[in-house]
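Chains as they are written, first to last, in the working numbering: chain X, 8 to 163; chain S, 8 to 163. First up is the structure itself, then whatever we jot down about it.
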C-alpha cells in the first residue's frame, strides 16, 4: 500500500471504529437497550445495525463471506422492535470479530485493488462511473458509522 | 485536479452537504428550535454549529478569512442555550453562503495543494505527520457533518 490518500482514508475508518469502541465502553448494557430519543431506535438496534453493515462489507468488497449472516435480517431494513434476538454482549462480540476481520482484509488490499469495483455494480456501470470502487464504499461506510455515532452518543 | 481519490473525497463532501440541505428542507423552522432529544442540543444550535465549523474551514485550510466570524462564539465550544442570537432563516442563509464559497475554493485547489498542511499544524509537526494535510481535514469534517446529520434527522 503506497498511496498516501488511500492510507488516510483507511486510517480514518479505523479512527472511527476506535471512537465507536470507546463510546460503547461508556454506555452500560442497560442504557444501550434504551431508545436514543422518544420513539426512535435503541442503542441495541444501532449496535446490531453497525455490526451487520460492517459484516456485509466483506462480501460487498469481494473479500469474504459474512461472518454472521444470521444478524442481517434483524438489523438491515428491519425496524427496531421490542423482541431481542441477541444479547448486548453477543452483539458486542460480533461487532469486534467483524472489525478484526475487516482490519486483516483491509491491510492486505493494494492501492489498485481499492480502486477496483465493488461487487454490487456491473462491469458496464463501472466503466461509466469509475468512482464506484471499493474506496468509495469505505468512504461511505465511514460516514454511515459517524452518522450513527452521533445518535449513540445521546445514550452516554 | 487529476487525482481520482482526492476527487472522490471532495465529491463525497458535497454529497453530504446536499443531504444536509435536503434534510433541512424537510424540517420546519419551528421544529428546528426543538431539542433532538430531551436535554440535548436543538436543531437551531446544530445548524449554527455546522455553519460555523464550515466557515472556519476557510482559514483552517488557508483559503480565506471566515465570512461570518460573529457566529463562532455562539456555536463552537459554547453550549446551546435558550437565548437565540440569530433567526433560523439567517443561519440558513449563512450556511448556504459558506458552502458556496467552499465549493468555489475547493474547485480551485490542485491535488498537490490538498496534500499540503493545514494552518493549525507547524512545519515541524507536519514533517513528522504528513497525513495531517488539507485532505485529512476534509475527511474529518465530512464525518463531523454526518455525525450531526444523524442527530438532525431525529427532528424530521
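Cβ atoms here follow ideal geometry from the backbone N, Cα and C, with glycine treated the same way.
Use the C-beta contact count for residue 24(S): other C-beta atoms within 10 angstroms, 16 or more gives buried, fewer gives exposed. buried
Anyone know if the C-beta pair for residue 50(X) and residue 159(X) falls short of 8 Å? yes
What are the residues that DSSP puts in a beta bridge with residue 42(X)? 49(X)
Alpha carbon to alpha carbon, how far is residue 115(X) from residue 17(X)? 12 Å
What does the Cβ neighbour count give for residue 15(S), buried or exposed, with the cut at 16 atoms within 10 Å? buried
Using a 10 Å radius around the Cβ and a threshold of 16 neighbouring Cβ atoms, would you call residue 106(X) buried or exposed? buried
Considering just the uninterrupted stretch of the alpha helix (DSSP H) at residue 131(S), what are its terminal residues? 130-135
Neighbour list for residue 156(S) in chain X, Cβ cutoff strictly below 7 Å: 154
If you measure between the beta carbons of residue 65(X) and residue 71(X), is that distance less than 8 Å? yes
Kindly list, in the order they appear in chain X, the residues whose Cβ is closer than 8 Å to that of residue 129(S). The contacting residues do not exist; residue 129(S) stays about 19 Å from chain X at best.
Between the CA atoms of residue 113(S) and residue 125(S) - distance to the nearest angstrom: Distance between residue 125(S) and residue 113(S), taken at the CA atoms: about 14 Å.
By how many angstroms is the C-alpha of residue 128(S) removed from the C-alpha of residue 26(S)? 31 Å
For residue 111(S), does the three-state DSSP call read helix, strand or coil? helix
From the DSSP output, in three-state form, read off residue 10(S) for me. coil
For residue 79(X), report the span of its alpha helix (DSSP H) as first-last. 76-82
Does any CB atom of chain X fall closer than 8 Å to the CB of residue 12(S)? yes
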